[in-house]
Structure formats: structure tokens, C-alpha cells
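What follows is a short report on a single structure.
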């Protein structure tokens, strides 16, 4: 199918109606989520989830961007003229406005939460009306479920949250209105080819098609009601007693009332005459609907025959449009109504069977209490899940409150001379509003979680109490098997009913957004359309002309992986091509590995072929049509970003220098824009002014003493005609110093870590663990104890190279028994360090710079050298500062210590004179108080009581994921579990922990990770120590016990990490990877390890105890790499390697 699409694109005389089909009918509505439908059955199994907790984890530095071949993203249909590009952009904007109009929920944020717990069906949306060419007398209708729920005391108000789909015949549906942009585009495309047709003709045909489908759906629902009335809706259960299976749905009772028929108020129909009348009435309704359908069908035939040149192809495309925007939502409502009718029928039958057994008063009350508590439990459970789904589908931020809309209007009316300043105000205001809403949603989730926990507890108590009385043979409180079976059936019916209600609400309101805008006026709609063009995670610091859909894509961040791009690539013409490309890296790595360890060629080929065959069997999967459609849409959207910017002489570069460290540049030279990945290694793009950035960069280079100019270079041919002002850098991983740095770091790091171990924190958890031991085990915390922190601001540029080199040599001489590390002498290490330190250079504009202090912090050796340099300084600090009763530790550039000898002013004065004044080359910032934040934790001494929680840096955007390498979904899986462990270890209060847990859940959902991903990982976190109820519990004592278990676990994981690091230091940690987009990766990885073990179980070098194999899937491309131009980057890198 992908090939067919590509072929159709290359055809210049493309069929008009095929274009209509591609551009309108099959347009994919993409929220750019991270898909879970990847055919990986083992992904969420306990065995697979436990792998993270049962293994060590090494920290890797994000050192460079992956550059790929973007041939598949080259514009295959470049616009021949500027006019065509403007036309395409205009159509995209019009289309986005239309999609927004169809997607905005009718629920505002003010009543968003009441929607879940109150009857939203009392509202009736006003549809756009026009003079309809078809006006027929409205037939008597059967009331819908929302009308019924108001009368039903046994059902909750919000069982059915759908609108009245029985549209009056004189009204035209919104999607067929002549003001609907999609409908206008459809009609314009048809009329352009067939001038004999007009918009009214097309509207009339589409409207008749809509009426036929609408009547068919009503007829089917009425048939279901008839079966319920006649007692044939479901096969009766095999029971010894006979009951009346005829059940009148409330909709039927309402119908009878409209005919002024008297019916019984009980659930049984006592009057057989009324039963006959009801059946006859329903049969007549069905017959009338059949006749009405025939009339519509005849009218459609007559209308088609009256039109000249009206072809089956035109009819099919009109029908496709009606099917997509009219029939599909009506069928969704139909299925939901039928499901509710069946559940109501089952509930009534169960109740009659229960009464038939003649239960006593206790048994009646037990059944009633269980039904009520089960309904409340299921209702709150679905409410909680729906609230989280609203975040995932971005429906929590769709509508702003009236005050926020007013604020936006004020900004629009203000006369701001500087357009950039005005845009910054808009972006800042929008982000504040969005953060406030997410914070409010997070608090709401916690409130509902508490209600859910209580309702679950009440239901469990009632159920347990029933069985306890039964087992204890309490008089008149037994529960016969027949009654208990009926209760179980009823509880299952309630559970399934609420499950289907939840699924309907998610599909109809959130996933497909079939809501209308009847309650929203035009002014609010225009404001919300403007708001939709603003971003959430993306930092926008200037004006721009990106469309809202392009911003929505960029808002997913540089880590976002467009789905299934290999499957639609022109370089992959078949599934076999895809498989070969995906497996190619693994085959190459294995071939090199086997050559290194002298595995004979025949065995090497046998293993590779066996793995490839299994790889092919597992991953030979054809992608579903919806994912293929999404892949094409995302490919075109990415291409539109590149194409529109290329027309403005876009250049893209990667740079790796300065503390700005902004790692992905897209420069729109005409509009002076720069698009880049942010320096904090978060999954965030920054869009700003190129001039502002260059001003900051030049200012930094001018003032910093860490860089010196080596050479000024003239403009070369590469820059002529392109006006490129920002050039590339040395690519650290491929530079000459990289491998030297790797080698030296493997030599030096183990010695440094061993020497500094007693005064080093591994991470936040290790810091809190040691501080907890100081407080709760050693009991050293006093009401007057102060906490101190010191942040070394020039950690990576501490001193000139000569002094760093001398410090390293002195350190080695003092801490080595001999003058060698292994077979490498100290003199050799000194010479290699000299080469490393003096050959780190980069280019910026027309100058080549040399790093004169420290080295690039993207290299692991830089941190090791800084630790060595600070060793002597730190030792002196410890001598003057710390006694045996205090705690002192450092993590990279941050120091923490306790102090009990004097007040804060005296301590600060001492540090300024004894530390700062005598070590001018070490720059640091101090904080001394009873409460400080250290790393990502906040700690406080509350009059001798220790308190801690997670600290969120205000300089980092909230609800944002980190930037990761390799496979983003796997990386975020590890990140979420690590974040949960950090939350429980660093939060002394259970309430703080739960708030932090919800924060991480909301963060994942906001960034496109599915609810099943979040729920599975969070629940497994509690299940790991067999404490599933702790997820919603507020028991502080139980929380402390669980917290201690996680502290103990971290000690075990540290040991596993140390073991893994030892393998890495010895060169026995083997990294293997393959390209992955979808398929059973967990199954393949499992079988890979089994095959490896079979072949190398007793191998002297490749057995399990000799090497560690890490097999990981890897993305072929992220948004970060797809926006990179390989040909430019590669040519510049070749120019800048030194």
C-alpha cells in the first residue's frame, strides 16, 4: 500500500477524486503519541518489567546527535512555483481551523470536573441550520438514554453522556453545512471538474445518504427494544424457576407515555393488553422506518438521475465523506445504546431471579448495599481513568477559562512596538495558564484517588462481611449458592457496564472528538483557535509562521519518533527490505565481534543466519492501515517544515560548545529564527531569535577565559551564497581526542572512585540514605543543626591544562603503589593527557577556538579529571570544616555538609576566608540554612525533625521528559521507574510522595505515553514488594516500611551497577543493537540470549561469566535527526576534524 501511495504521488495527472480521498476523506488525526500497538505481547509481563529491577544501570553522557540518511524525507513533489506553496499553506491553515472546530470539547474547564459526576446530557447542542432542500414531517421518536437517566433512580446520572442524536429532519448536520470548511473543499473539488453540479446538489445527495443511515440505525435500535419487550434479547439462564423475561426499556415506557398509554409502575407488565399494544407500536415503528428508508432511497435515485454527468465515482466519494463524519459517530452511539439496553435487561432479569428465590430482609439489604457500593467503586474508577485520558488526549487544556480568554484579548489589543516582546508575553501567559491547569488536574487526580480508595475499601468491607457472616453461620445471615451466584452476576454486570461507558466516552469524546460546538460562541472559538497555535513544552521566544500542526509536532520534542517511517520509505520496497535494514546493524556488530574473538567463519555464519531467520519470522509484520496513514501524514508534515524553511535558506547544524550547549540548529535566515534542542538535556525545542543567540554567544566567548582563538579563517566556497553565520563544532565522539579520553578514563576512574568513595554521593537516593542514617540511626540531628551546600560553578573549567596535568600526576604518585596502572606508566599517562587536553578545539563563525581550561563536559574523562583536581582542595576543606560528628559528601560539582559548631553567619564568614580567598580558581556558590535544596531534593531541619521531598528546579519546564538516546520508549520506561524510586526515597511524607507520583504520571501522559504504559509501570512499582494497596493508601507507618524496602533494594542495585561497570572497564561489556519500529522485540531479545547461551555456554571468552551482553533496540530516526541535513553536517564535520 505504501508503494501504491508513492506511485500515485509521482503521477502528474493524478485523478481528481483520488486527491479528494487522500486530502479529505482519509486525513489522519494525529496526536503524535508513542504507540503501544506494537505487536509485543511480552512488553508488560511481570518477567519483562522485573528486568529493570534485577539489573544494574550505567549512566551515559549524551554526547552527540545521531545523523541519518534522510533520503526518504526528500520532497518528492516540490512545488514548481511559490504560488503553489502559498496555496498549500493556506489550505493547511484552513484545514487546521476546521479540525479544531470539530475537536473542541463542549465542556469548559469550569465544568469539566462536574461533567464526570453530573448529567451532562441535560444540555442540548444547537446545530448550525440552513434552508434544507429536504423537509419532512418529524416522526415520533424514542427517547434516548440521557432522557431516561433522569428518571432512573437505579442508574447514575452520567451513565450515558451522549448528545441527542435524533436530529430534527429540517436541520442539517454540522458537517454538511455550507459553512463547514471540509465540506466546502469537497464540493469545490467536485465542482471544479463538473461545472453542472453546484453545492446545493452535493449537499442534498449527502443529506439523503445521512438520513438513510440515520434511519437504519434507529430501526436497528428499535428492533433491540422490541426484543427486550418480547423477552428474546438474551438466551435465558438455565434455572428451575420460570420468570417473566419481558423487560420494557425506559425508552419504550417513554414512547408509550407519549401515546398516552397507561402502563404499570412496577417492573412487571401486569396488563397483557398493554403488552400487546406495546409490541404492536414497536412493530409499527419498525415498519414506518422501513418505509421511510425506501422513500429516502427512491429520492436519492431520482436526485442522481436528475444530475448530468453524475458518476458512481462521485457518489462513492460523497458517501465516504458522509461515512467518515456522519455515519461513524452515529454507529458508535448506536452500539453504546444497544450495550446499555442489554446491561439494563440483564440487571432486571437478575433482580427478578433474586426476588424469585424469596430472600430474607438481610439478604435483600446485602444485595442492595453491594450493588450500590460496587456501582460507586466502578464509577469513581472510570472517572479517575477518564481524567487521566483527558490529559493524554490534551482535552484538559483545550478550553481556557473566561478570565484567561480575557487576558489573551488584552494582549491582542495592546499596542506593542516590538513584535517579539508581544509574542513572548503571549507565550509566557499561555504557559502559565497551562501549568495552572495541569497543577489543578494533578490535584483533582489526587482527590479522586482518595475517593476511589475509600469506595474500594467500603465495597471490599461489605463483600468480606457478607462472606464472614456466611462462614460463621450467623443466624438468618447465610448466603445460599443460588443467591451468591446471582450477586456475582450482578456485580460483573455493573463492572462491564461501566467499562463500556468508559470506553464509549473515551472513543467518542476524547479519541475521535465527535462533540459539537453548540455551546461555544464564535468569539470564543476564534480565541481558542489562536490559543491552539501556542505551545506547551516547546519554548518559543520570538514570532514565527509555523502552523499549529507543525507546532504540535515540534512540541513533542526532539525525542519524538514518527511512526513506521521505514515501512513507507522509498528505499524499502517490501517487508524483506525493511527486515534487512533493521537487522543490518546487528549482523555487522556480530561479524566484528566474532572476528575479534576468532570465531571460525562457518560458526559465525551459522549463528548470524539463525538469528536473522528468527528476526525475520518475528518482525515480518505488515503495519495496520491506520498506522500507515499516520506514517504518511507525519512524513508529509515533517517535509512541510523542512520545505517551508528551505525556501528561506534554512541551514541546520549541530554544535557542541559553550555552556549554552544548544544541540540542534535550524536557522531560518530570512526570518532570523533559530530552532534548537535545549541545553538542559530535556526533551524540548527552543525557537528564538538568531540575532539574540549570536549576541549571547559572542558575549560569552569574549568574556570567558576558558577559550582562546587559534586561527581566523576566510570565507570558503561552502559558505558562499548561503549566508551561514553559525558553523559547526568538532564532533566529540569522532574526534581524535575521543578515544584517548575513553582509554584514559577507563584507567583513572576506578582509582579515583575508590579514593573518593567515602565522601562521594552516588545520586540523590544515596544522599538521602546517608542523611537518614545520620538522623535516625546515629541520632546526630539537633534542633540547631545547619545544612550547607556549595555548588562549584566552573567544575569543567577549573584551571589551565598545565596545572590540571600536574594535579593528576601528584594524585597518581600519592595513591599508586607503583608508577604504573596495569602496564601503563605514569609518564605515558601524562603524555596522553597532554595530547587530550591540548587538542580540543572547535570553530565558530570565522574563528577556530581552543579549549584552554578543562575539557568538553561531554567526555567522561573531564569529570574524572575534575574529581582529581578537587581532591586536594576537598581534603583541605574537610580538615578545616568537618568533625567526626558531621556528614560531608559531594556529587560532581555539588557539596553537602552539616554544621553544629556555630551560627550560619560565622560559618559563611569562615568559608569565605579559608576556602574562597585561598582557592581563587574554584568558583562556588554557598547556601547555609536549616533548609536547603541539594541535587533534586529539598531537606529541612524542623526543630530536630528531619523532612525531605523532591525539589523541582524552576529553571526547567514542568511536566517535561528528559532527552534520551537509543529507544525513547524503553528509556522512558527506565526513567519512570527511577523517578518513582527517587520519589519514595526522597519524600519523608506519604502525601508528598503521592503528589510526586501523580506529577510523573501526568508528565508521561502529557508527552504522549499511553495510559496503559503509565498504569502498568506505576502499579508494578507497588507490586514489586507485594504492596498493591499502597498506591492509594495514606498510612504513614506502612509507607515507612515500604520506603525502607526500597532503600535496601537500592543497595542491591548499586552492587549490580558496580559489577556491570567492572565489565565495562575491562572491555567485557558488549553493546549490540538493531533498528526497531514495531514487533515482538521482547520475544526476540529473549530468544537471542538463549541462542547465545547455547553456542557460548563454555566459551573461554564469550561465556556468561566472562562477558555481559546488552542487546537493545534502537530508533532509526527521531524528530531531532529527521530535521537534520546529513549532507551539510557531514561536509562540515569533515572540515572541522582536528
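In UniProt numbering, the protein residues as written are 1 to 1138. Built from N, CA and C at the ideal position, the CB exists for glycine as well.
Neighbourhood of residue i by C-beta distance below 7 Å, restricted to the same chain and skipping five residues each side
{"i": "residue 311", "result": "none"}
{"i": "residue 833", "result": "744, 805 and 808"}
{"i": "residue 1025", "result": "1042 and 1045"}
{"i": "residue 1167", "result": "What is shown of the chain runs 1 to 1138, which leaves residue 1167 out entirely."}
{"i": "residue 944", "result": "781, 782 and 783"}
{"i": "residue 887", "result": "770, 771, 774, 897 and 898"}
{"i": "residue 1102", "result": "597 and 1096"}
{"i": "residue 800", "result": "852 and 853"}
{"i": "residue 309", "result": "194 and 196"}
{"i": "residue 1151", "result": "Past the edges of the chain, shown from 1 to 1138, lies residue 1151, and the structure says nothing about it."}
Endpoints, alpha helix (DSSP H) assigned at residue i
{"i": "residue 1018", "result": "1011-1023"}
{"i": "residue 504", "result": "481-505"}
{"i": "residue 594", "result": "575-596"}
{"i": "residue 301", "result": "272-305"}
{"i": "residue 741", "result": "736-756"}
{"i": "residue 54", "result": "Note, residue 54: premise wrong, no alpha helix (DSSP H); not H, not E."}
{"i": "residue 34", "result": "Taken as a continuous stretch (DSSP letters only), residue 34 belongs to no alpha helix (DSSP H), as it is neither H nor E."}
Proximity below 9 Å, CB of residue i to CB of residue j
{"i": "residue 1032", "j": "residue 271", "result": "no"}
{"i": "residue 553", "j": "residue 1119", "result": "yes"}
{"i": "residue 243", "j": "residue 349", "result": "yes"}
{"i": "residue 327", "j": "residue 680", "result": "no"}
{"i": "residue 1002", "j": "residue 441", "result": "yes"}
{"i": "residue 593", "j": "residue 1072", "result": "yes"}
{"i": "residue 378", "j": "residue 495", "result": "yes"}
{"i": "residue 371", "j": "residue 491", "result": "yes"}
{"i": "residue 795", "j": "residue 921", "result": "no"}
{"i": "residue 737", "j": "residue 835", "result": "yes"}
{"i": "residue 942", "j": "residue 40", "result": "no"}
{"i": "residue 498", "j": "residue 375", "result": "yes"}
First through last residue of the beta strand (DSSP E) which encompasses residue i
{"i": "residue 950", "result": "945-950"}
{"i": "residue 941", "result": "937-942"}
{"i": "residue 849", "result": "847-851"}
{"i": "residue 686", "result": "685-689"}
{"i": "residue 798", "result": "No beta strand (DSSP E) contains residue 798, which DSSP labels as neither H nor E."}
Bridge-paired residues (DSSP) for residue i
{"i": "residue 899", "result": "786"}
{"i": "residue 1074", "result": "1113"}
{"i": "residue 825", "result": "820"}
{"i": "residue 712", "result": "847"}
{"i": "residue 932", "result": "939"}
{"i": "residue 891", "result": "894"}
Cβ-based neighbour list, residue i, same chain, cut-off 6 Å, excluding 5 preceding and 5 following
{"i": "residue 958", "result": "435"}
{"i": "residue 227", "result": "233"}
{"i": "residue 45", "result": "none"}
{"i": "residue 525", "result": "Note that residue 525 scores 39 on pLDDT, short of 50, meaning its location in the model is unreliable; the coordinates nonetheless yield the value given after this. Around residue 525: no qualifying Cβ."}
Near the ligand ADP: residue i beta-carbon under 8 Å from a heavy atom
{"i": "residue 206", "result": "Ligands in the displayed structure: none, and consequently the ligand ADP is not present."}
Own chain partners of residue i with C-beta closer than 8 Å, once the 5 adjacent residues on each side are dropped
{"i": "residue 446", "result": "994, 995 and 998"}
{"i": "residue 759", "result": "874, 878, 888, 889 and 890"}
{"i": "residue 705", "result": "852 and 853"}
{"i": "residue 564", "result": "623, 627, 628, 630, 631, 1077 and 1078"}
Should the stretch 963-981 be called in touch with the stretch 457-469, which here means at least 3 C-beta pairs below 8 Å?
no
Under 8 Å: do the stretch 288-295 and the stretch 216-234 share three or more Cβ pairs, one atom per stretch?
yes
Counting Cβ pairs, one atom from each stretch, are 3 or more of them under 8 Å apart for the stretch 624-636 and the stretch 32-46?
yes
Count the C-beta pairs between the stretch 594-608 and the stretch 1075-1089 that are closer than 8 Å, then say yes if the count reaches three, no if not.
no
State whether the stretch 1054-1074 contacts the stretch 542-551, with contact taken as three or more CB pairs (one from each stretch) at a distance under 8 Å.
no
For the pair the stretch 1085-1093 and the stretch 623-630, tell me if three or more CB-CB distances fall below 8 Å.
no
Check whether the stretch 889-909 touches the stretch 923-943, taking contact to mean three or more Cβ pairs, one atom from each stretch, closer than 8 Å.
yes
Quick check: the stretch 554-571 against the stretch 1063-1072, are there 3 or more CB pairs under 8 Å?
no
Check whether the stretch 819-833 touches the stretch 675-691, taking contact to mean three or more Cβ pairs, one atom from each stretch, closer than 8 Å.
no
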